[in-house]
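Colleague: Numbered according to my numbering, the sequence shown spans residues 76 to 396.
Idealized CB from N, CA, C, for every residue including glycine.
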Amino acid sequence: MMVKFTAKKVISKSLLLSAVLGCTLSAAVNAQDGPPGTDIFIADLSKNPLGFWATQNFEAVTTRKGYDNQPYFLPDGSGLLYTAMLKTDNGQWQADSFEYNFDSKKHTNLTNSPLSEYSPTLMAGGYYISSIVVEADNKQHLWGLPFHSKAKAYRLSNLEPVGYHVWGKKGAIAMFVLGSEKLPNDKSTLQFQQSFKTKPKVVANDIGRSLRFIPERNAFSFSQLKQDKKWWLSEYDPKTDSVTALVPLPKGSDYYTWIDDKTAVTAVGNELRLWTYNDNDKSASIADWMPWVDASKVCKTKVTRLAVDRDKSKLAIVCDE
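(1) Between the Cα of residue 395 and those of 384, 310, 370, 350, spot the shortest distance and give me the residue it belongs to.
(2) What are the residues that DSSP puts in a beta bridge with residue 366?
(3) Tell me, please, whether the stretch 137–146 touches the stretch 372–382 by the rule of three or more beta-carbon pairs shorter than 8 Å.
(4) First and last residue of the beta strand (DSSP E) that includes residue 160?
(5) Three Cβ pairs or more, each shorter than 8 Å: is that satisfied between the stretch 330–342 and the stretch 243–252?
(6) Taking the alpha carbon of residue 364 as the point to measure from, which residue in 190, 328, 212 has its own alpha carbon closest?
(7) Below 8 Å, how does it come out for the stretch 216–227 and the stretch 171–190: are there three or more Cβ pairs, yes or no?
(8) Does the beta-carbon distance from residue 205 to residue 240 come in below 8 Å?
(9) Terminal residues of the continuous beta strand (DSSP E) containing residue 239?
(10) Thinking C-beta only, is residue 348 closer than 8 Å to residue 323?
(11) Contact defined as beta carbons within less than 8 Å: I believe residue 289 pairs with residue 212. What is the distance between those atoms, to the nearest angstrom?
(12) May I have the straight-line CA-CA distance separating residue 125 from residue 189, to the nearest angstrom?
(13) Let me check understanding here. Comparing Cα to Cα, which of 292, 274, 273, 296 lies closest to residue 283?
(14) Hey, would you say residue 308 sits closer than 8 Å to residue 300, going by beta carbons?
(15) Roughly how many whole angstroms lie between the Cα atoms of residue 229 and residue 174?
(16) From this set, 194, 192, 128, 311, which residue's C-alpha is nearest residue 293's C-alpha?
(17) Tell me the DSSP bridge mates of residue 335?
(18) Taking residue 238 as the reference, which of 266, 225, 384, 207 has the closest Cα?
(19) Report yes if the CB atom of residue 129 is closer than 8 Å to the CB atom of residue 390, and no otherwise.
(20) Can you list, in chain order, the residues of its chain whose CB lies under 7 Å from that of residue 203, leaving out five sequence neighbours each side?
(21) Could you work out which residue in 315, 319, 346 is closest to residue 330 when comparing CA atoms only?
(22) Assign residue 362 to one of two classes, buried (16 or more other C-beta atoms within 10 Å of its C-beta) or exposed (fewer than that).
(23) Below 6 Å CB to CB, which residues in the same chain sit around residue 156 once its five sequence neighbours on both sides are set aside?
(24) Using only alpha-carbon positions, find the residue among 159, 291, 137, 303 that is nearest to residue 180.
(25) Excluding the 5 residues flanking residue 319 on each side, which residues of the same chain have their C-beta closer than 6 Å to its C-beta?
(26) Identify, in the order they occur along the chain, each residue of the same chain with its Cβ nearer than 8 Å to the Cβ of residue 333, setting aside the five sequence neighbours on each side.
(27) Have a look at the DSSP bridge pairing and note the partners of residue 205.
(28) Taking the alpha-carbon positions, what's the residue 435 to residue 198 distance?
(29) Roughly how many whole angstroms lie between the Cα atoms of residue 193 and residue 112?
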């Protein structure tokens, strides 16, 4: 399958047209209604003199009407990747991978292809970004796409339909494989591969859309719908091939991320909450999620996705318009 992903276009905030990325992966979105609108904000992140995490200086990365989502901080601290969906000449919505540079404040369309791409993530070596590509037959595969390089795009895995993914150490990867269309979280699975030379292995069922890797524990975390009908923050340890339910997520919480290996953050409405991991605590509860940041000044509605950079100096939030 040959598809060109090499065209690039630099776009300023003011010139970004009606563009939106859907929360669920779909090759086509109703051209009249369009996907829901969201914006990305970033804040400075640091520990205060008392040793508590604090944020300040929230800044809008995107301000246009449309959906910009799935922020991923580049490891070198130069900016972030995200997905935006643009309205094409034939009235359809086209999802592309973008880069936002912190210094220049410029947005660059990295793919600009005839297909839709989601969840851009820099791969080891820095020559590729891995991305979920909705191919011409509407099947969703994981691809490697060129990142400021002359490398050729190629399909990384034949596993499908892949919805989300996260890299671990030495090429290990965990992937969200979609469930049924009517119930997207029903029978969705977390599948793990130590490398693409090995077969994918189902390690958890009924999982949600937040996948994270915790390098200090060499573990993959994810949200999971348990038998008690509650969403839990769970963790998969490849070394022991075991899943541990860590803590229930607050009602209304859809996404989470980790600030460090001991501190998870989620959102309920436009309030951010923190939970402190303790491997000796086997009785964590929803009440252990403590109020942290009131984001209502920049997000009047609801915070969804969250991301933290490698240096733990920036926090990104996605806000519903």
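Modeller: On the basis of the data shown:
(1) Checking every option, the nearest Cα to that of residue 395 belongs to 370.
(2) DSSP lists 348 as partners of residue 366.
(3) In short, these stretches touch, since the Cβ pair count reaches three.
(4) Per DSSP, residue 160 belongs to the beta strand (DSSP E) from 154–162.
(5) Three or more beta-carbon pairs separated by less than 8 Å are not found between the stretch 330–342 and the stretch 243–252, which leaves the two stretches without contact.
(6) For residue 364, the nearest C-alpha among the options comes from 328.
(7) Touching, yes.
(8) Going by beta carbons, residue 205 and residue 240 fall inside the 8 Å limit.
(9) It spans 237–242 - the beta strand (DSSP E) in which residue 239 sits, taken as one unbroken run.
(10) No.
(11) 35 Å between Cβ atoms; not a contact.
(12) Here the alpha carbon of residue 125 sits roughly 51 Å from the alpha carbon of residue 189.
(13) Per the Cα distances, 296.
(14) Result no, Cβ atoms of residue 308 and residue 300 do not sit closer than 8 Å.
(15) So the alpha carbons of these two residues sit roughly 20 Å apart.
(16) Sorting 194, 192, 128, 311 by C-alpha distance to the C-alpha of residue 293 places 311 at the top.
(17) DSSP output for residue 335 lists 338 as bridge partner(s).
(18) Minimum Cα distance to residue 238 is reached at 207.
(19) Contact flag unset, no.
(20) The residues are 219, 220, 221, 222, 226.
(21) Closest by C-alpha distance to residue 330, out of 315, 319, 346, is 346.
(22) Residue 362 comes out exposed.
(23) The answer, listed in chain order, is 147, 174, 195.
(24) It is 137 whose Cα lies nearest to the Cα of residue 180.
(25) Result list for residue 319: 310, in chain order.
(26) Only 287, 289, 296, 339, 340, 383 meet the Cβ criterion.
(27) Partner(s): 196, 219.
(28) Past the boundaries of the shown model lies residue 435; the chain is included only from 76 to 396, so the question cannot be answered.
(29) Our two residues, residue 193 and residue 112, have alpha carbons roughly 16 Å apart in a direct line.
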